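Have a look at the structure below, then the notes.
Protein chains: 2
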Amino acid sequence: MLDYKIIEVKQSIFEDNDADADRLRQELKEQKTFLINLMSAPGSGKTTTLCQTIARLKDEMEIGVMEADIDSDVDAATITEAGVRAIQIHTGGMCHLDADMTRQGLHEFGTEGLDLVFLENVGNLVCPAEFDTGSIKNVMILSVPEGDDKPYKYPLMFSVCDVVLINKCDTLAVFSDFSKDAVEKRIHELNPDAEIFYISAKTGEGFEGWINWLRGQVNDFR
Amino acid sequence: MLDYKIIEVKQSIFEDNDADADRLRQELKEQKTFLINLMSAPGSGKTTTLCQTIARLKDEMEIGVMEADIDSDVDAATITEAGVRAIQIHTGGMCHLDADMTRQGLHEFGTEGLDLVFLENVGNLVCPAEFDTGSIKNVMILSVPEGDDKPYKYPLMFSVCDVVLINKCDTLAVFSDFSKDAVEKRIHELNPDAEIFYISAKTGEGFEGWINWLRGQVNDFR
Chain A
1 MLDYKIIEVK QSIFEDNDAD ADRLRQELKE QKTFLINLMS APGSGKTTTL CQTIARLKDE
61 MEIGVMEADI DSDVDAATIT EAGVRAIQIH TGGMCHLDAD MTRQGLHEFG TEGLDLVFLE
121 NVGNLVCPAE FDTGSIKNVM ILSVPEGDDK PYKYPLMFSV CDVVLINKCD TLAVFSDFSK
181 DAVEKRIHEL NPDAEIFYIS AKTGEGFEGW INWLRGQVND FR
Chain B
223 MLDYKIIEVK QSIFEDNDAD ADRLRQELKE QKTFLINLMS APGSGKTTTL CQTIARLKDE
283 MEIGVMEADI DSDVDAATIT EAGVRAIQIH TGGMCHLDAD MTRQGLHEFG TEGLDLVFLE
343 NVGNLVCPAE FDTGSIKNVM ILSVPEGDDK PYKYPLMFSV CDVVLINKCD TLAVFSDFSK
403 DAVEKRIHEL NPDAEIFYIS AKTGEGFEGW INWLRGQVND FR
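For the protein sequence lines, the chains are A and B, in the order given.
Just so we're aligned, residue 1 is where the first sequence starts under my numbering, counting upward by one.
Just so we're aligned, residue 223 is where the second sequence starts under my numbering, counting upward by one.
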């Protein structure tokens with residue numbers, strides 16, 4: 001028996017996603033549920049980063065995770081083992097979530113009593129950047145093996161994110177052509193206010209800055 | 223002065239992309255131009271793999287490369303330095319290329335006398351799998367740091383590809399949880415006929431099998 005629900009979301013009925021996202025954000029503010037939309041390319045380490053984050057915060061706040069995927073439910077299973085509530089959202093082939101699909105997920109989930117909800121979006125640096133999910137903050141992961149030139153290729157994603165987590169930093173010696181200075185410059189050219197934290201979800205190093213940012217945000221919101 | 227054109231492609235006017243892709247494939251057969259649609263997630267090493275491939279084949283056949291990107295032309299510049307003709311296709315935010323967009327690129331390029339053309343698709347494991355570009359073969363790259371579970375998450379991409387290149391094999395010792403047996407089993411469950419080659423575009427190791435496959439395909443086609 002599964003410890004998490006799997007739901008199939010339907011395409012939005014709203015023509016104006018931006019307006020719908022603003023409505024959802026207002027609802028979340030009233031419920032005091034801090035929703036983070038977590039985005040990245042496939043294989044950047046979203047689920048592992050969430051597990052490390054949950055381990056550091058689950059004793060001080062109520063956390064839930066909505067895992068969005070085209071198919072499979074391996075991520076929801078992993079999150080459930082990390083000890084928080086999870087649901088798996090299947091997008092039926094869709095490459096992103098919009099605000100109404102996010103609302104359908106939240107509704108099935110039930111946000112009552114949840115302080116912090118993560119939406120793990122579909123692994124994709126293109127389409128999710130174009131659709132406001134109604135989240136309070138957008139966070140993306142860039143992993144070191146992907147290279148420091150990604151802000152050039154996917155500028156909208158870097159522009160819409162409040163935080164860029166640079167993951168797999170334990171491999172910086174292996175991927176020695178990855179320049180921290182270059183990537184920071186390229187990110188800040190697109191988005192001067194972006195917060196950048198270097199982490200390794202595998203080893204746990206570097207989480208202090210990200211956890212402090214997140215704790216501050218959630219506490220200010222409650 | 224740039225040594226390559228940058229073209230902005232427009233959204234397709236054809237409603238039935240599959241039929242249009244079949245028409246383009248027929249045209250390519252008549253022109254004896256072998257078109258490969260190369261797909262992967264962001265940062266898997268498409269451009270570096272192309273540079274290594276070009277170095278090994280450019281003396282025995284005429285090669286061209288169409289670089290598709292939402293923005294930037296860093297890849298076309300890299301390919302031009304590798305010594306073959308390149309054009310940069312800007313998709314205007316689109317997350318994939320369809321057959322008519324591919325045709326617009328080929329038309330601007332001029333395929334006269336070209337034996338082998340690579341289309342480097344937008345870095346994305348979701349949307350490009352859904353749109354037949356009219357290519358003769360589909361090839362994808364999965365890089366070791368992305369993990370061996372990706373066939374579960376992006377099954378359509380693995381299903382539509384004739385070849386899966388597993389790149390960054392020089393880092394298998396670092397990413398020691400990547401199982402060759404597991405990834406091969408997962409790929410072949412989705413696509414029993416998929417050819418799998420392990421390569422490192424950085425070090426050049428493992429290219430023999432891929433180059434032999436490619437040489438055989440192009441020679442049979444001419």
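From the three backbone atoms N, C-alpha and C, an ideal C-beta is built for every residue, glycine too.
Model, not experiment: these values are computed from the prediction.
Check	Outcome
Counting only beta-carbon separations shorter than 8 angstroms, does Ser-179/A have a partner in chain B?	no
Grab the span of the alpha helix (DSSP H) containing Phe-331/B for me, first residue to last.	321-331
With 16 other CB atoms within 10 Å as the buried threshold, where does Arg-103/A fall?	buried
What number of angstroms, rounded off, separates the C-alpha of Gln-253/B from the C-alpha of Val-366/B?	37 angstroms
Assign Gln-274/B to buried or exposed, taking buried as 16 or more other Cβ atoms, counted over all protein chains shown, within 10 Å of its Cβ.	buried
Let me know if Glu-189/A comes out buried or exposed under the rule of 16 or more other beta-carbons within 10 Å of its beta-carbon.	exposed
What whole-angstrom Cβ distance do Arg-247/B and Gly-356/B have, given they're in contact under 8 angstroms?	5 angstroms
By DSSP, does Tyr-374/B sit in helix, in strand, or in coil?	helix
Using CA atoms only, rank isn't needed, just tell me which of Phe-443/B, Arg-444/B and Ile-433/B is closest to Lys-280/B.	Ile-433/B
Which residues in the same chain as Glu-352/B place their Cβ atom closer than 8 angstroms to its Cβ, once the five residues preceding and following it in sequence are excluded?	His-318 and Leu-378
Please work out which residues of its chain come closer than 6 angstroms, Cβ to Cβ, to His-312/B, disregarding the five sequence neighbours upstream and downstream, and give them in chain order.	Glu-230
Give a yes or no on whether 8 angstroms exceeds the smallest Cβ distance from Val-382/B to chain A.	no
Please go through the region 246-333 of chain B and give each complete beta strand (DSSP E) segment of 3 or more residues, from N-terminal end onward.	256-262, 285-291 and 307-312
Can you check whether the CB of Tyr-154/A is closer than 8 angstroms to the CB of Arg-186/A?	no
Per DSSP, what kind of secondary structure is Val-440/B in: helix, strand or coil?	helix
Just reading off the beta strand (DSSP E) that Leu-190/A is part of, what are its end residues?	Looking at the DSSP string, Leu-190/A is not in any beta strand (DSSP E); the run it does join, the alpha helix (DSSP H), is 180-190.
Would you say Gly-123/A faces chain B, with C-beta separation under 8 angstroms as the test?	yes
Look up Glu-120/A in the DSSP assignment and say whether it is helix, strand or coil.	strand
With distances taken from CA atoms, which of Asp-100/A, Met-94/A and Met-140/A is nearest Asp-71/A?	Met-94/A
Beta carbons nearer than 7 angstroms to chain B: which residues of the region 137-165 of chain A have them?	Ser-143, Pro-145, Glu-146, Gly-147, Asp-149, Lys-150, Tyr-152, Lys-153, Tyr-154 and Pro-155
Is there at least one Cβ from chain B nearer than 8 angstroms to Lys-46/A's Cβ?	no
Starting from Asn-239/B, follow its DSSP beta bridges and name the residues at the other end.	None; Asn-239/B has no bridge partner.
I need the DSSP call for Val-144/A, collapsed to helix, strand or coil.	helix
Can you say whether Lys-390/B is buried or exposed, counting buried as having 16 or more other CB atoms within 10 angstroms of its CB?	buried
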